[in-house]
Amino acid sequence: MAVWQERAELLFKEEGLQKLKKAKVMVVGMGGVGSFAAEFLARAGVGSMTIVDGDTVDITNINRQLPALHSTIGKAKVQIVGDRLMDINPELNLVKIEEFISPERAHEIITEDFDYILDCIDSITPKVNLILAAKRKRVKVISAMGAGGKMQASKIVIKDIAKTDVCPLAKQIRKRLKKEGISSGVKAVFSKEKPDESSLKMTDGTNFKKSFFGTNSWIPALFGLHSAEYVVRYILSKE
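Counting along the sequence shown from 1, when you hit position 23 you're at 23 in full-length UniProt numbering, and nothing is skipped either side.
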């Protein structure tokens, strides 16, 4: 056991640390949800991680994204987060994929040896394609739904995608997946709080994104926390 894992070993035990060290996960999206999820996984002791994002830091990211600082504006999120993860655990087996994932690439980068895929994408089409790729490769996936327009931390829950409600993004994802023959079997992190419609802003549609809600500093991070917690607990419970 590495010295930095002393407190984790007291809770997870040596067997748990070994399970986490052998685990292989992928986090797609290094924004407000994914960057925090990746950090929680690394600090928990996950041994192999692939992080995916084609974006660079924008000044508007600073209010909610882990890699976003005034000093990092314009830099690739994957590189910033990747450097941070290696500084947390120098023995981490880390793969960095700096690109926006097309449907074809989603099927290429997801392989059967992953224990879990964390979908932290905030655009519908890439999100659906990633989930489909994971399901068709029979790899477990947990998907973060809409974190925008929300304020209440206590409203965040995890359920099967079939049992999601209130969240407009979850509704769209359910419909798209159903057309592909998938009605259940995908864990979803979502909020039962109705989004503040007055905070909605339309975009030019770049990168499959037509609009977005206002966001705060804590809700996206909590979506990442719930995603990471679920995956870590799954790994610890594996025989």
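Where a beta carbon is used, it is the ideal one built from N, C-alpha and C, also for glycine.
Here the structure is a predicted model, which means the values were calculated and not measured.
Query	Result
Let me make sure I understand the geometry here. Which of LYS175, GLY47 and ALA162 has the alpha-carbon closest to that of VAL95?	GLY47
Look up MET202 in the DSSP assignment and give the residues it is bridged to.	SER211
Can the beta-carbon of ALA162 be found closer than 7 Å to that of SER183?	yes
Quick check on ASP122: buried or exposed, where buried means 16 or more other Cβ atoms within 10 Å of its Cβ?	buried
Mind pulling the beta strand (DSSP E) runs of 3 or more residues that sit fully within the segment 102-149?	116-119 and 141-144
Just tell me which of SER143, GLY214 and ASN63 has its CA closest to the CA of residue 241.	Limits of the chain in this structure are 1 at one end and 239 at the other, which puts residue 241 out of reach.
Is the Cβ-Cβ distance between MET145 and ALA188 less than 7 Å?	yes
Which residue's Cα is closest to the Cα of ALA23: MET202, ILE51 and GLY45?	GLY45
Report the partner residues of ASN93 according to the DSSP bridge assignment.	SER48
Could you give the distance in angstroms between the alpha-carbon of ILE88 and the alpha-carbon of SER227?	19 Å
Return the chain-ordered list of same chain residues with a C-beta closer than 8 Å to the C-beta of PHE40, the five sequence neighbours on each side being excluded.	GLY224, LEU225, ALA228, GLU229 and VAL232
Under 8 Å Cβ to Cβ from ILE62, same chain only, skipping five residues before and after it: list those, please.	ALA68, LEU69 and HIS70
Flag this pair as yes or no: are the beta carbons of VAL27 and LEU92 separated by less than 7 Å?	no
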